[in-house]
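In the working numbering, the protein residues as written are 17 to 510.
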């Protein structure tokens with residue numbers, strides 16, 4: 017991208033950075049000025065305490081009132097707060113706009129992290145009654161934060177952000193990738209992303225085009241995407257939301273593109289929606305996306321919405337007035353295709369180079385210990401451990417129970433006292449899985465203290481239960497593999 021592809025000139029970006037830094041318009045600076053209570057209230061869109069804390073005007077107070085509290089301030093105060101950026105360039109670049117007898121925010125300029133800023137469009141909630149631009153550029157929303165948290169943060173040489181929008185994912189990629197490439201179908205979004213990159217002193221390769229088209233023939237170590245994943249009849253009104261693909265085809269399209277995008281050992285992670293169709297198993301349907309790709313895949317479903325709630329959410333999201341015909345057409349499409357629900361989750365793919373790719377598609381709706389990206393990376397590591405070991409090798413290892421692992425029991429009082437009805441293993445950390453177990457599993461996990469190879473542990477159990485050791489070992493092999501994959505037990509290094 018060249019200087020004409022930014023909202024401001026390069027000199028204007030430098031001047032804006034100077035103004036923001038000098039005023040202390042950072043996450044920490046704002047929190048320090050407002051205090052914990054007012055900062056928490058701002059997160060809930062309650063600006064009363066923040067406005068009281070900024071009644072005495074200085075540059076930081078003015079910036080908070082304009083860009084955080086969406087207030088209209090005098091031209092003189094805004095000019096002083098943005099200096100050395102000229103007010104003329106701030107207006108021509110859309111950073112601020114005239115409103116009433118003063119100026120208000122023209123974009124969403126959000127302090128982010130310790131010392132970053134992100135430029136995006138003002139959200140619909142801040143401008144009631146004003147429909148969003150067709151190429152509206154999203155700021156830092158819930159889906160954005162989900163992908164940020166789910167991304168594996170190991171060092172890589174090359175990283176790609178498909179559908180970068182305001183550039184938030186690329187900001188994070190630059191912390192652990194030697195080079196960052198980002199694409200977007202919207203030229204307008206690329207202007208915002210270029211400005212975000214320059215404002216934060218980062219240099220990304222920004223390419224215009226639909227998803228993977230601009231990088232055809234190239235490979236990357238890490239690919240992330242928060243694509244326009246909304247499911248529907250393929251109507252396109254807002255590019256951040258609508259892909260133009262029918263149904264959930266964009267999720268399948270990204271899966272099909274992944275093998276040609278990834279280097280050996282490379283990973284791709286993206287957000288997706290998928291339909292739950294009457295008479296079909298949703299997980300089998302989504303697993304079909306990866307057939308023939310040769311990639312390891314772990315898909316975790318975090319939420320499911322019914323069609324009515326889903327349509328209402330996305331119509332509201334763009335600030336559209338109630339449109340009974342639009343809603344009816346969308347719901348009719350769901351009815352015609354027997355859609356009972358729409359799932360939301362995270363797809364993580366890896367080009368492992370093995371002939372027997374592992375594909376798991378499952379529900380994971382419980383709260384997990386952040387960052388989720390670390391948990392996903394550990395899951396792939398466990399697949400590597402399991403893949404190269406047959407049952408004999410698996411049983412030759414020593415294991416210990418995961419830190420903090422709990423056993424929960426349900427029992428019923430009878431004539432002879434308490435009778436245990438159900439025993440559940442529970443992980444209070446990590447992915448926080450819970451799983452009902454039988455006495456054999458309980459004995460295996462209970463004896464996993466890291467001192468004995470598992471085969472020796474099984475021999476002791478077999479003797480105690482008068483069972484042939486080989487028979488018990490054969491039965492225990494798949495169980496142990498499952499316990500390792502889930503993270504209930506961990507290998508003890510030699």
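Cβ atoms here follow ideal geometry from the backbone N, Cα and C, with glycine treated the same way.
Bear in mind that the values here come from a model prediction, so they are computed numbers and not experimental data.
Classification of residue 434 by the beta-carbon crowding that lies within 10 angstroms, buried from 16 upward: exposed
Supposed close pair residue 184, residue 134 - CB separation, criterion 8 angstroms: 6 angstroms
Neighbour-count burial assignment, residue 423, 16 or more Cβ in a 10 Å radius: exposed
Cβ shell of residue 322 (< 7 angstroms), same chain only, five flanking positions each side left out: 357
Exposed unless 16 or more other CB atoms sit within 10 angstroms - verdict on residue 311: buried
Cβ-Cβ distance between residue 446 and residue 381 below 9 angstroms: no
Bridge-paired residues (DSSP) for residue 535: One cannot answer for residue 535 here, as it falls past the ends of the chain, which runs 17 to 510.
Segments of 3+ residues assigned as beta strand (DSSP E) that fall wholly inside the stretch 375-454: 375-379, 414-417, 422-430, 433-442 and 450-453
Segments assigned alpha helix (DSSP H), at least 4 residues, entirely inside the stretch 106-193: 158-166 and 184-189
Residues near residue 190 by beta carbon distance below 6 angstroms, same chain, minus five either side: 196 and 218
Status (buried if at least 16 other CB within 10 Å, exposed otherwise) for residue 72: exposed
Distance CB(residue 156)-CB(residue 175) smaller than 9 angstroms: no
Residue burial classification, residue 282 (beta-carbon count within 10 angstroms, cutoff 16): buried
Which residues DSSP lists as bridging residue 507, in chain order: 415
Distance between beta carbons of residue 255 and residue 243, contact taken as under 8 angstroms: That pair is no contact at about 11 angstroms.
Own chain residues within Cβ distance below 6 angstroms of residue 204, not counting five before or after: 151
Contact between the stretch 71-87 and the stretch 164-178 (3+ Cβ pairs under 8 angstroms): no
Residue 200 - partner residues in DSSP beta bridges: 224
Buried versus exposed, by CB contacts within 10 Å (16 or more), residue 436: exposed
Under 9 angstroms between C-beta atoms of residue 214 and residue 198: no
Span separating the alpha-carbon of residue 319 from that of residue 101: 44 angstroms
Opposing strand residues paired with residue 236 [DSSP bridges]: 278
Alpha helix (DSSP H) runs contained entirely in the stretch 456-500, provided each spans 4 or more residues: 470-481
Within 9 angstroms, strictly: CB atoms of residue 302 and residue 353: no
Inter-residue spacing [alpha-carbon to alpha-carbon] between residue 379 and residue 104: 52 angstroms
Strand pairing of residue 241, partner residues [DSSP]: 178 and 286
Under the three-state DSSP convention, the category residue 319 falls into: strand
Outcome for residue 409 when other beta-carbon atoms lying within 10 angstroms are tallied against a minimum of 16: exposed
Given 8 angstroms, three or more beta-carbon pairs between the stretch 400-416 and the stretch 467-487: yes
Check whether residue 240 and residue 264 have beta carbons under 9 angstroms apart: no
Identity of the residue in 221, 229, 208 and 202 nearest residue 257 by Cα: 202
Straight-line gap, residue 83 to residue 35 (C-alpha atoms, nearest Å): 14 angstroms
Supposed contact pair residue 309 and residue 271 - C-beta distance, whole angstroms, cut 8 angstroms: 6 angstroms
Three-pair Cβ contact test at 8 angstroms for the stretch 488-506 versus the stretch 452-461: yes
Neighbour-count burial assignment, residue 438, 16 or more Cβ in a 10 Å radius: exposed
Local Cβ density within 10 Å of residue 399, reported as buried at 16 or more and exposed below that: buried
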